[in-house]
Each structure stands twice: as C-alpha cells, then as structure tokens.
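Following: one structure in structure tokens, then a few remarks.
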DNA sequence: CGGTATCCCCTAAGATACTG
DNA sequence: CAGTATCTTAGGGGATACCG
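Protein chains in written order, with the working numbering: chain V, -4 to 157; chain B, -4 to 157.
Here it is in structure tokens:
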C-alpha cells in the first residue's frame, strides 16, 4: 500500500449545529468530502465519462485520456472500483486483457456529474469574462498604489528578507 | 503573489478528436477541469453552500467553517470572487466590514452542486459497503498469496511489511 | 476586523523502471 | 498488455506574524 485510505477529515466532529448557518455543510461534509474529492479528482471524472459510453480496456483509457500516467490511471481505476463505481473484468488470455465498465451506481453518478459539466460548459465564458474583469480591476488598483506606471516604472526595492 | 494563476492544464491541446471515444472529455475538460478543481477544492463548496443561505461576513464564514484558516478562507473567497461566483462588498466603516454573497451565477452553481451532494448522500452507504467488500476481497487474495488458499487454515503470518 | 506575507510540512501527482 | 515499485518534485494547506 502506498498511501493511506484516509487523510485529513479532521474537522468533522460536528462542532455545533446550534448555529443557524450550518446545515449539510459540516455534517454531510464528512462523507461528502471524501466522496466528492474522489470523484472530482483530476482523472476520475474523465474515466467515468469515458466509460459511460462503453467499456474500455486499460490501454484504451490511457490513450483516450492521454495526459494521464499509468500510475494515475491505475490508481484512479482502483479507487473507482473500490467505491463500486467501476467494474473490472479480467480475461485470462495470453496477452492479458482487462475491461473496465461502469456499474449501475457509476452510471447514476455520471448523470449527476454530467449536469455539473453542462453547467461548466454553459458558464465557462461568463467565468472567463469574470476573471478577465477581475484581473483588470486588480491591475487598475495596482496602478493607484504604485502611481501611474507611465513607463512601468517599477522601483525594485526588493522587500526581500529582513 | 504567492501562487500562479494557472498551474497545470498542459494536455489541453485537443490532440485528436478522430477517435470515437473522445467527446467532451478532452475538449471540455480543459475548462471543466480548472473550474471543477476550483469548486471541488477543500473549501469552496462549503463557502458556496453557506452563502447560498444569506450573505456573510468574513468572520462569520470563518466561524461557520471552523476548520479553515484565515489564509485559506481568504484565498478561497478571492478565487470565487475572481470567477464571478461570489460578490465582495466592502463597507468603509471604522471597523472594516466586508460582506460576501453569491452572485446569480454562483447560485445556479449551488443548485448543480447540491444535486451532486444529494447523490453522494444517497449512495454513501452503498459506497461504504462496496469499499468494505473490496477490502475484504483484497484481503482474501492476500491470503492466497502469502499462505495457503481457502481450503486450508489461515496461516496467520502477518502479511504486513515492516 | 479583514486581510496579506512568510515559513514550512506533507502529500498527491509525474517520471521512470521493472514484472507477470 | 496491464500493471506495480521507487524516486522526485510542485504546490496545497496550516501556523504564525504583521499591516490598514
């Protein structure tokens, strides 16, 4: 085993629900966090979405995702398998063949995830615009602080270390 | 600046959509990844869900989340603000007061996220069961490797490595 | 109060190499 | 082909101290 099964989840002790602000945020977060972190990690989404179309072999997945390393694909698949989202089917043929497919539960997750993906696709332009606006606003505020950067006069008084 | 605005997103170059497997996985992933990574990071979800109920001040958020550090709350809020999901309102009063509230876009994101949270809550038992089953199966396979298979007794040779 | 700047640790992800 | 084992590194995230 390379890494532990659990990592952080330290603040999960349901500190006090008296506060009217807290609802599922703290409580459900204990379980939601780890599951969300798992399915929303760098690769799981990709794998799930690919497998939703049809079952795939290890190498097919690797080539389809292409940025992924063997290591991460392997780990991701094992995680998904452990969570019951993906089924691993081994054919004991001479060149080994392993197929991966979504379980029914995995398929339901895909639907939910897809909604999130759609949201992202629908709003990515708005987000990009918001980012641009924000960056510009910040840059403008920097101008005020430094004085007019007529020639981008950056007085390099390195604040370095004391 | 402590950290760059972009980090990875290296494999985004839309390698080749000829493959029938790829659809939004690679293309949309370029945008989806960064946005998903943002909203699924350790704290953003909490903040969004809290703000969905009503606008809150910095300290209110800090106390509501309670496990969060100033640093991370500040960073999280700035990220969300930059993405246009959260609005920051500064009151120039003598003790400074800053309110945060969801933008309309942030509210729509919350709805989508909520669906995912609901999925998680609905399936957490199934996932826990799947994990237990998986772990048990793996343990059984370990037996085969280390001791004698199922027929004979369980040679309790601790399989653990030092 | 509402932040930012610094330091530091720890782990998750990448690269590489080896095996059944 | 389908993985594991090992090494290394970037950066996420906490603690602390200080500024407007």
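A virtual CB, placed ideally from N, CA and C, is assigned to each residue, including glycine.
Spatially closest choice to residue 48 of chain V from V:33, V:99 and V:121, by CA coordinates | V:99
So with Cβ pairs under 9 angstroms, would you call residue 67 of chain V a contact of chain B?
-> no
Beta-bridge partners of residue 96 of chain B, as assigned by DSSP | B:82
How big is the Cα-Cα spacing for residue 102 of chain B and residue 93 of chain V?
-> 42 angstroms
Does the separation of the CB atoms of residue 71 of chain B and residue 114 of chain B fall below 9 angstroms?
-> no
Could you list which residues in chain B have their beta carbon closer than 7 angstroms to that of residue 79 of chain V, in chain order?
-> 121, 122 and 125
Verify the CB distance criterion: does residue 112 of chain B have a CB-CB separation below 9 angstroms to chain V?
-> Yes, its Cβ sits closer than 9 angstroms to a Cβ of chain V.
Contact set between residue 72 of chain V and chain B, taken where Cβ atoms lie within less than 9 angstroms | Simply none; closest approach about 12 angstroms.
Would you check if there are 3 or more beta carbon pairs closer than 8 angstroms linking the region 120 to 136 of chain B to the region 111 to 128 of chain V?
-> They do not touch, by the three-pair rule.
Report the residues of the region 88 to 110 of chain B with a CB closer than 8 angstroms to any CB of chain V, ordered along the chain.
-> 100, 103, 104, 107, 108 and 110
Would you check if the distance between the CB atom of residue 74 of chain V and the CB atom of residue 28 of chain V is smaller than 9 angstroms?
-> No, the pair does not count as a contact, with Cβ atoms beyond the cut-off.
Reduced DSSP secondary structure (H/G/I, E/B, other) of residue 49 of chain B | coil
Can you tell me where the alpha helix (DSSP H) with residue 69 of chain B in it begins and where it stops?
-> From DSSP, the alpha helix (DSSP H) with residue 69 of chain B extends over 65 to 77.
Evaluate residue 107 of chain B with the Cβ neighbour count: other Cβ atoms within 10 Å of its Cβ, from every protein chain shown; 16 or more gives buried, anything less gives exposed.
-> buried
Compute the Euclidean distance between the alpha carbons of residue 56 of chain B and residue 58 of chain V, then round it to the nearest angstrom.
-> 43 angstroms
At a CB-CB cut-off below 9 angstroms, which residues of chain V make contact with residue 27 of chain B?
-> 40, 111, 112, 115, 116 and 119
Using three-state DSSP, classify residue 26 of chain V as helix, strand or coil.
-> The three-state secondary structure of residue 26 of chain V, taken from DSSP, is helix.
Beta-carbon proximity check, residue 96 of chain B vs residue 44 of chain B, cutoff 9 angstroms | No, these two residues do not count as a Cβ contact at 9 angstroms.
Using a Cβ cut-off of 9 angstroms, pull out every chain V residue sitting near residue 135 of chain B, in sequence order please.
-> What residue 135 of chain B touches in chain V: nothing, since even the nearest Cβ is about 14 angstroms away.
Use the C-beta contact count for residue 63 of chain V: other C-beta atoms within 10 angstroms, 16 or more gives buried, fewer gives exposed.
-> By the beta-carbon neighbour count (other beta carbons within 10 angstroms, threshold 16), residue 63 of chain V is buried.
Listed by chain order, chain V residues near residue 84 of chain B by CB distance under 7 angstroms | Contact annotation for residue 84 of chain B against chain V: no contact, minimum CB-CB distance about 14 angstroms [criterion: below 7 angstroms].
Spatial distance of residue 52 of chain B from residue 79 of chain B (CA atoms) = When rounded, the distance between both Cα atoms is 18 angstroms.
State yes or no: is the beta carbon of residue 76 of chain B nearer than 9 angstroms to at least one beta carbon in chain V?
-> yes
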